[in-house]
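Asker: First the structure, then my questions, so here it is.
As structure tokens, this is what we get:
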């Protein structure tokens, strides 16, 4: 996946808790050449990871109740920046996700097996 993303790419991640969304982001960050420590931005809403081929803007929308808050922190500025946006729980506010976003759905088939679907 890291070789497929370019500046301005957006990955909209969808899936229940524990299905691998943050793990996927860890792999993407590493694949872009960054050694940044990736954690879920559940309480901070966004983490920025640099040091690789492209910066990554990692959002977690799980705790957001109001889509306006996401707009107030500058979602538009991140979306059309020189990095890659990764939004966990993007399906909470699909109206804010641009049509060109790549949707990635995660499902747990068992405790140690995940199914990942791209569209």
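Residue numbers (our numbering): 5 to 123.
Note that CB positions come from ideal geometry on N, CA and C, so glycine has one too.
Return the chain-ordered ranges of every beta strand (DSSP E) run that is complete within the region 25-88 and spans a minimum of 3 residues.
Answerer: If we require 3 residues or more, the beta strand (DSSP E) runs fully inside the region 25-88 come out as 50-53 and 60-64.
Asker: Give the range of the beta strand (DSSP E) segment to which residue 97 is assigned.
Answerer: The residue you call residue 97 lines up with position 93 of the chain shown. That residue, residue 97, is in no beta strand (DSSP E); it is neither H nor E in DSSP.
Asker: Quick check: residue 118 and residue 56, are their CB atoms within less than 8 Å of each other?
Answerer: Counting from 1 along the chain shown, the entry for residue 118 is found at position 114. Counting from 1 along the chain shown, the entry for residue 56 is found at position 52. No, they are not a contact pair.
Asker: For residue 5 versus residue 35, is the C-beta spacing smaller than 8 Å?
Answerer: Numbered from 1 along the chain shown, position 1 holds the residue referred to as residue 5. Numbered from 1 along the chain shown, position 31 holds the residue referred to as residue 35. Yes, the pair counts as a contact, with Cβ atoms nearer than the cut-off.
Asker: Could you pull the DSSP bridge partners for residue 114 from this structure?
Answerer: Your numbering for residue 114 matches position 110 in the chain shown. Residue 114 pairs with 117.
Asker: Which value, in whole angstroms, describes the spacing of the CA atoms of residue 70 and residue 121?
Answerer: Counting from 1 along the chain shown, the entry for residue 70 is found at position 66. Counting from 1 along the chain shown, the entry for residue 121 is found at position 117. Going by the C-alpha atoms only, they are around 28 Å apart.
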